[in-house]
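Here the structure is laid out as structure tokens; the discussion comes afterwards.
In structure tokens, the structure reads:
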């Protein structure tokens, strides 16, 4: 007999969807996956301090926050498989979701698999990630570790320009390192960056390494044309080179945009396949915040419950 619902992903979107659907007696099954740093729980599992999630006035460790969400999902009866969903068949209902160990038939699916920040895999990256390195200025830029220090942003598009501008509120100076001689950002974003006295664009340069034993102290730059290298002292490094939505398991069975983000119907979490819903960063390239992911997880749960009720599958 098919399950009513499978949830793919275990970040704020996935667990919020699980909590809502479990309380609605849909008995969700979750494939929580290993997408973030080899552990389930989404991007927050690699965030040491979260200061902007409501209800935690003193901040909360990202792993602690996700542990609370997971506990709440389990409390209401969510069944969790600590496995990656590697194969999804949407050709007919009930749908099929499979991992290396389980295959589940389900009348509906909520995809909350998130998006993975692109990294450069620099030699010092693994050692210094979350110790002065981040892929989200809006999430982490206001933390005390970054305040009143020179900060480096890597990238050249709109996101890099937006994050550089945002960081000027906290940094003593912002260095935007771009490998080319002109930015790829929109004209208005370029003008904002180039006119800002606190931002210096370092053209035609790449970051070869991030330096520091226990915290970021500098970056090693290489000029793309002359190959000359130099060290630039800084107190933090932010990647702004994009994200990859975790949709490989869907194998093109739902409509996505050119960057791979799942397209949902306006005002809904419904995808191009009836009974398949998407929430969180897998369909959100604009906000990418824990609180917006959780909100969209709630939306997906309600959309799914209504769909199943109309299909005579709900209790």
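Numbering (the working numbering), first residue to last: 981 to 1295. Beta carbons are placed, not taken as given, at the ideal position from N, Cα and C, and that holds for glycine.
**Item:** Boundaries (first-last residue) of the beta strand (DSSP E) holding residue 1272
**Value:** That residue, residue 1272, is in no beta strand (DSSP E); its alpha helix (DSSP H) goes 1270 to 1290.
**Message:** On the CB-based measure, 16 or more other CB atoms within 10 Å of its CB, does residue 1168 come out buried or exposed?
**Reply:** exposed
**Per-residue DSSP class, three states only, for residue 1160** = coil
**Asked** Quick one: is residue 1297 buried, meaning 16 or more other Cβ sit within 10 Å of its Cβ, or exposed?
**Response** A question about residue 1297 goes unanswered here, because the residues of the chain that appear run from 981 up to 1295.
**Prompt:** Is the region 998 to 1015 close to the region 1075 to 1088, with three or more CB pairs under 8 Å?
**Reply:** yes
**Request:** Please report the residue range of the alpha helix (DSSP H) in which residue 1138 lies.
**Result:** 1138 to 1147
**Message:** Is the separation between the beta-carbon of residue 1180 and that of residue 1198 shorter than 8 Å?
**Reply:** no
**Item:** Contact set for residue 1146: own chain, Cβ-Cβ below 8 Å, skip 5 residues either direction
**Value:** 1117, 1118, 1121
**Prompt:** According to the neighbour-count rule (16 or more other Cβ atoms, all chains shown, within 10 Å of its Cβ), is residue 1250 buried or exposed?
**Reply:** buried
**Asked** Who are the Cβ neighbours of residue 1039 in its own chain at under 7 Å, not counting the five residues just before and after it?
**Response** 1029, 1030, 1031
**Request:** Measure the CB-CB distance between residue 1223 and residue 1090 and report whether it falls below 8 Å.
**Result:** no
**Prompt:** Taking DSSP as the reference, what is the three-state secondary structure of residue 1105?
**Reply:** helix
**Message:** Quick check: the region 1216 to 1234 against the region 1126 to 1134, are at least 3 beta-carbon pairs closer than 8 Å?
**Reply:** yes
**Asked** Between which two residues does the alpha helix (DSSP H) carrying residue 992 extend?
**Response** 992 to 1003
**Item:** For residue 1118, three-class secondary structure by DSSP
**Value:** helix
**Request:** Excluding the 5 residues preceding and the 5 following residue 996 in the sequence, name in chain order all residues of the same chain whose CB lies nearer than 6 Å to its CB.
**Result:** 1274, 1277, 1278
**Item:** Rounded straight-line distance, which links the Cα of residue 1105 to that of residue 1007
**Value:** 40 Å
**Request:** Give the DSSP-derived three-state secondary structure of residue 1085 in the structure shown.
**Result:** strand
**Asked** Which class does residue 1053 belong to by DSSP, given the choice of helix, strand or coil?
**Response** helix
**Prompt:** Once you ignore the five residues that flank residue 1173 on each side, which residues in its own chain have a CB closer than 8 Å to its CB?
**Reply:** 1141, 1144, 1145, 1156, 1163, 1165, 1179, 1181
**Prompt:** Should residue 992 go down as buried or exposed, given a rule of 16 or more other Cβ atoms within 10 Å for buried?
**Reply:** buried
**Message:** If the criterion is Cβ atoms closer than 8 Å, does the pair residue 1259 and residue 1231 meet it?
**Reply:** no
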